[in-house]
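> In terms of the numbering used here, the sequence shown has 106 at position 85, counting the first letter as 1, and numbering is strictly consecutive. Quick reminder that beta carbons are idealized off the backbone N, C-alpha and C, glycines included. A quick note: this is a predicted structure, and the numbers were derived from the prediction, not measured.
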Amino acid sequence: MPTHRVLVLGGGFGGIATAVTLREQLEPGDEVVLVERHPTYVMGLRKNWGVLDAAAIDEGERALARLIDKRIAVLHGEIEAIHPEERAATIDGERWQADALVVALGAQRAPEQVPGFSEHAIDVYGVEGVAAAREAVAELRPGGRILVGIFGVPYPCPPAPFELALLLTEHLRQRGHDGEVEVFSPLPLSLPILGQAGCNTFESRLDVAGVPFHRSHVASRVAAGGVAFAPPSEGAPAPPDRSFDVLLAIPPHRVPPVVFESGLTAGKPWVPVHPRTLETGFEGIYAIGDVTMLPLSNGQMLPKAGLFAQREGEVVAARIASHFRGDSATAPFAGDGACFLEGGGGQAAQVEGGFLEDPPRVVMTEPAAEHLAAKRAFERERLEAWFGA
Ligand SMILES: Cc1cc2nc3c(=O)[nH]c(=O)nc-3n(C[C@H](O)[C@H](O)[C@H](O)COP(=O)(O)OP(=O)(O)OC[C@H]3O[C@@H](n4cnc5c(N)ncnc54)[C@H](O)[C@@H]3O)c2cc1C
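#1: With distances taken from CA atoms, which of 391, 400, 383, 331 is nearest residue 31?
#2: Is the Cβ-Cβ distance between residue 240 and residue 248 less than 8 angstroms?
#3: Need the endpoints of the beta strand (DSSP E) that residue 97 sits in, please.
#4: Label residue 286 either buried or exposed according to how many other C-beta atoms from any shown protein chain fall within 10 Å of its C-beta, with 16 as the threshold for buried.
#5: Return the chain-ordered list of same chain residues with a C-beta closer than 6 angstroms to the C-beta of residue 201, the five sequence neighbours on each side being excluded.
#6: I'd like to confirm the pairing. Which residues does DSSP put opposite residue 167 in its beta bridges?
#7: Hey, could you find the ends of the beta strand (DSSP E) residue 122 is sitting in?
#8: Could you tell me the alpha carbon to alpha carbon distance between residue 387 and residue 87, rounded to whole angstroms?
#9: Should residue 69 be counted as a contact of ligand 1 given a C-beta to heavy atom distance under 7 angstroms?
#10: Look up residue 136 in the DSSP assignment and say whether it is helix, strand or coil.
#11: Give a yes or no on whether the C-beta atoms belonging to residue 161 and residue 51 are separated by under 8 angstroms.
#12: I need the straight-line Cα distance from residue 199 to residue 272, nearest angstrom please.
#13: On a CA-only basis, which of 124, 195, 84, 221 is nearest residue 407? Give me that one, please.
#14: Applying the criterion that 16 or more other CB atoms from any shown protein chain within 10 Å of the CB defines a buried residue, is residue 288 buried or exposed?
#15: Leaving out five residues before and five after residue 25 in sequence, what residues of the same chain have Cβ atoms less than 6 angstroms from its Cβ?
#16: Return the Cβ separation of residue 396 and residue 178 in integer angstroms, given the expectation that the two are a contact with Cβ distance under 8 angstroms.
#17: Tell me the residue span of the alpha helix (DSSP H) that contains residue 224.
#18: Cutting at 8 angstroms between CB atoms, please list the residues of its own chain near residue 339, excluding the five before and the five after it.
#19: Under 8 angstroms between the Cβ atoms of residue 311 and residue 170?
Right under this line is the structure:
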C-alpha cells in the first residue's frame, strides 16, 4: 500500500501538469494516479493549426502512457462518479479511494444545446472537427463565405476563434482565393477582458485584416447555409440571419455531467474554488482549470486557458505535498499569465497581465515575430518537460 495516494481526474493540460509536479514533490512511496478517457494528449492550440495543416495534430500528439516513465500511474478509463465527501471516485465501475483528489476535467462541448448545430456546423474545438474543417476550407467555392461562430460563453481560449479567422483569411489570400471570413459572438465586445479601449484596438486590427466582426449575435438555430439569432436583450431586435458556405463553430460549453452530479458545483454553472488555493468546499478536494469558475475583481471570470490550468495545478500539487509532510501552506496562485493570438504574417500578439489584481491588469501586445516564436516554445517546452520530447 502507498503511504499516500492522489487521484488526478482528467489527463489534459492541467491534470498532466499537476501529476508531473506531484511526482516531483511527493515521497517515492506516495502514489500519483492520473485518470483519462483518451489515450493521448494534444494541446488545444494545435487545433487552429490543424485546420490549415494536415500534419499539425499528429506532430503535437503524445501517448499518456509515456508518463509511466515518470512513475505516474496512468489509468485509461471513464470517471463515472466523484464522491467528494469520501475523497473517492468510481472509474469503470471500480471505486478508487484517495488521500487527496484533484478535479481537472475541463469544459465539455455541448453542441446539442443549439438546434441544427450537429447537422450543419463543424465543431472546430473537437479534434474530429479539425479534419472536416480543413477539407471544407479546401473546397470553398470562389467568393464563398466562412463563418466562424461563437455559440456560447464562456469557452476555452477566448482569442482562438479570432485567431482562426485571421489565419484563414491569410490562407485564402495566399492561394489567390477571393472567399471571405467573418466572426460572430454573443458578446458585445470581442475580448471583454481587454476592456472597451483594448477591444477597439483589436477590432480595428480585424477590420484592417478584412475580417468583419458581428457582435451581440446570440445564435438560436442553425439550418443548411444559415444561422438565426435571438434578440441580444429584451426589446432589442434580433440580428438578421447570416448565411455561410462553411460554418466553423465553437459550441456552447458546460461543466462535465460527472462533476455536476457530484455536487461540486454547489448550484453554480462551474466549480467554485478559492482563487488562491483552488480548494473546493470539500476537504482534500481541489479543482483546477476550465472546470472551475474564478471571479475577478471587475466582475468577469478568469478566462479558461491552459496556462492557468497548469499554474493552478502546480500550486495544488505543492499544497498537497506540504500537507502530507505536515508543513505549513505554500505559495498561492498568482493569476499572472499570457495567451497567444496569431494574426498571420509570421506574427502573434499576447494577451497578458495580472488577472487577479484589482482591477485586473490585462493588455494585448503589438503583433511580433518573437511572440509567435514564444508560442511555439510554449508547447515545445511543456511536451519536453512532461513527455521527454
Ligand atoms: C483552439 C484552441 C486554442 C487554444 N490555445 C491556447 C493557448 O494558446 N494558450 C493556452 O493557455 N490555452 C489555450 N487553449 C485553451 C486550453 O486548451 C484549455 O484551457 C486547457 O486545455 C484547459 O485545461 P484543463 O486541464 O482544465 O482541461 P482539458 O485540457 O480539457 O482536460 C480535461 C480532460 O478531462 C478528460 N475527461 C473529461 N471527462 C472525463 C471523464 N468522465 N472520464 C475520463 N476523462 C474525462 C477529457 O478527456 C480531457 O482530456 C486553447 C484551446 C483551443 C480549443
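Looking at the coordinates:
#1: 331
#2: yes
#3: 94-97
#4: buried
#5: 166
#6: 202, 267
#7: 121-124
#8: 38 angstroms
#9: yes
#10: coil
#11: no
#12: 27 angstroms
#13: 84
#14: exposed
#15: 51, 120, 345
#16: Not really, about 12 angstroms apart at Cβ, beyond 8 angstroms.
#17: 216-229
#18: 42, 46, 351, 352
#19: no
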